[in-house]
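Under the working numbering, residue 295 is the last one in the sequence shown; the count climbs by one each step, no gaps. Quick reminder that beta carbons are idealized off the backbone N, C-alpha and C, glycines included. As structure tokens, the structure follows; a few thoughts come after it.
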Amino acid sequence: MLVKDYQSFSFRTEDSPFMTLDSIGWSSVDGVEYSFDGRLRPDQGHVIFQYTLSGEGRIEIGEQVYRLPKGTAFFVQVPGEHRYYYEQTSEPWEFLWLNVKGADAQMFWDRIQQRYQGELVELHPQSQPIQALWDMYRRIQNEQARDKHNLSVMVYNWILLFLGTHAEDHPYHAPVQDSNLRIIEQAQQYMKNHLSESVSLDDIAEHCGTNKYQLCRIFQKTVQVTPLDYMTKRRIEAAAYALRNTNKPVSQISEENGFGSVSYFGKRFREQVGLSPTGYREQSIPYPTSRLYVD
């Protein structure tokens with residue numbers, strides 16, 4: 001029996017003209033409170049794709065209301081004259097979705113809508129775009145994809161499937177050399193396993209069988225941050241999850257995630273998230289996700 005592990009993931013990245021992934025998820029809803037109006041959403045400049053896996057939803061575009069049964073998807077832009085929602089039926093509405101931002105995203109969404117003559121499209125569950133979307137979701141879920149550049153490439157390749165263009169015909173980032181990839185993966189895993197501890201560059205480099213200078217060179221070239229900055233971001237993510245999903249005091253969360261003091265934790269958290277830890281915990285979220293990723 002398939003266990004449905006519904007999760008969603010959001011990414012905090014700097015604004016860019018290129019397409020970047022804002023959030024992605026697999027969800028199921030069964031309450032009429034699920035309703036999103038494109039004229040009122042705060043995530044201006046974003047574009048959304050949502051595909052029905054089972055059950056049925058509704059989308060209102062202009063003055064027309066359309067059913068969204070299994071195998072039906074929509075492309076919409078925010079802001080936009082649309083509202084999608086759940087209307088009480090005998091079963092929940094289950095769907096896969098992603099939210100993308102960037103000037104390129106709006107341009108490509110326009111091209112897709114021109115190609116399909118509107119915002120709605122029917123897709124077989126085994127079609128390339130849907131299988132590619134599942135692959136993207138699972139790689140993120142398994143923490144195999146989180147670098148903002150690789151995520152952006154994945155989104156572009158996914159879009160090209162809709163436009164009938166093979167992704168392999170377009171430029172792709174050169175693959176990392178195997179030896180460098182091994183060092184990066186070992187370093188990332190080591191840091192993930194030691195978030196609560198005081199870890200130095202020498203500690204990480206020794207674990208990876210290299211020196212700290214080589215480690216920093218490889219890491220910055222490939223991941224675009226230093227190893228210790230990377231570790232700080234992972235600590236912030238773990239702390240953000242604890243703030244939203246536990247009742248632990250901020251001081252305990254700070255200690256469990258390797259921050260020397262609550263004040264230092266608060267400073268670094270605000271730098272990455274834009275809110276204090278307490279403010280983040282208490283913030284009302286219109287579009288909650290399982291995890292926050294910072295980059």
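Just how far apart, CA to CA, sit residue i and residue j?
{"i": "D275", "j": "Y84", "result": "Looking at the sequence itself, residue 275 is Leu, so the reference to Asp does not match. Between L275 and Y84, the C-alpha separation is close to 30 Å."}
{"i": "Q77", "j": "S23", "result": "15 Å"}
{"i": "D30", "j": "R67", "result": "16 Å"}
{"i": "M19", "j": "I159", "result": "10 Å"}
{"i": "K101", "j": "E206", "result": "39 Å"}
{"i": "E63", "j": "C216", "result": "56 Å"}
{"i": "Q44", "j": "T222", "result": "31 Å"}
{"i": "F75", "j": "Q214", "result": "45 Å"}
{"i": "L163", "j": "L120", "result": "15 Å"}
{"i": "Q50", "j": "P129", "result": "12 Å"}
{"i": "I61", "j": "R39", "result": "11 Å"}
{"i": "Y6", "j": "G25", "result": "7 Å"}
{"i": "Q91", "j": "Y34", "result": "The sequence given here places Glu at residue 91; Gln does not occur at that position. The straight-line gap from Cα to Cα measures roughly 14 Å."}
{"i": "E56", "j": "F259", "result": "46 Å"}
{"i": "K148", "j": "R291", "result": "15 Å"}
{"i": "Y280", "j": "F265", "result": "13 Å"}
{"i": "A238", "j": "Q117", "result": "43 Å"}
Under three-state DSSP, which class holds residue i?
{"i": "E255", "result": "helix"}
{"i": "G45", "result": "coil"}
{"i": "N180", "result": "helix"}
{"i": "H299", "result": "There is simply no residue 299 to check, as the chain begins at 1 and stops at 295 in what is shown."}
{"i": "T210", "result": "coil"}
{"i": "G71", "result": "coil"}
{"i": "T20", "result": "strand"}
{"i": "L40", "result": "coil"}
{"i": "E282", "result": "helix"}
{"i": "T52", "result": "strand"}
{"i": "R34", "result": "For the sequence presented, residue 34 should be read as Tyr rather than Arg. Coil, per DSSP."}
{"i": "E321", "result": "Outside the displayed range of the chain (1 to 295) lies residue 321, so it cannot be described from this structure."}
{"i": "L292", "result": "strand"}
{"i": "L120", "result": "strand"}
{"i": "Q114", "result": "helix"}
{"i": "L98", "result": "strand"}
{"i": "R12", "result": "strand"}
{"i": "Q186", "result": "helix"}
{"i": "G260", "result": "coil"}
{"i": "V225", "result": "coil"}
{"i": "S127", "result": "coil"}
Identify which residue in the options has its Cα closest to the Cα of residue i.
{"i": "L161", "options": "L181, Q131, R139", "result": "Q131"}
{"i": "L124", "options": "S54, P92, N99", "result": "According to the sequence shown, residue 124 is His rather than Leu. Comparing Cα positions, the closest option is S54."}
{"i": "N245", "options": "M231, T278, N211, Y213", "result": "T278"}
{"i": "L243", "options": "L228, F269, M231", "result": "F269"}
{"i": "S179", "options": "T210, D203, S263", "result": "T210"}
{"i": "V153", "options": "E271, F259, M136, G164", "result": "M136"}
{"i": "E81", "options": "I112, F36, S200", "result": "F36"}
{"i": "E282", "options": "Q113, V250, E91", "result": "V250"}
{"i": "Y293", "options": "H149, G260, R12, Y6", "result": "R12"}
{"i": "V155", "options": "Q141, L133, G260", "result": "L133"}
So that I know if they touch, is there some Cβ in chain B lying closer than 8 Å to that of residue i?
{"i": "I140", "result": "Annotation note: the requested chain B is absent from the structure, which comprises a single protein chain."}
Rounded to whole angstroms, how far is the Cβ of residue i from the Cβ of residue j, which I believe are closer than 8 Å?
{"i": "S196", "j": "N257", "result": "6 Å"}
{"i": "F95", "j": "S10", "result": "Contact doesn't hold; Cβ gap of about 17 Å is too wide."}
{"i": "V273", "j": "I236", "result": "7 Å"}
Ordered along the chain, which non-local residues of its own chain (more than five positions away) have a Cβ less than 8 Å from that of residue i?
{"i": "T52", "result": "L68, P69, K70, G71, T72, A73, W93, E94, F95"}
{"i": "H46", "result": "D22, Q77, V78, N99, V100, K101, A105"}
{"i": "V32", "result": "Y85, Y86, E87, Q88"}
{"i": "M191", "result": "V199, I204, P227, Y230, M231, R234"}
{"i": "A174", "result": "With a pLDDT of 37 at A174, under the threshold of 50, the modelled position of that residue is not reliable, and no figure is offered here."}
In its own chain, which residues sit with a C-beta less than 6 Å from the C-beta of residue i, not counting the 5 before and 5 after it?
{"i": "C208", "result": "I183, Q186, A187"}
Excluding sequence positions up to five away, which residues of its chain have a Cβ less than 7 Å from the Cβ of residue i?
{"i": "Q141", "result": "Q7"}
{"i": "R115", "result": "L163"}
{"i": "R111", "result": "L163"}
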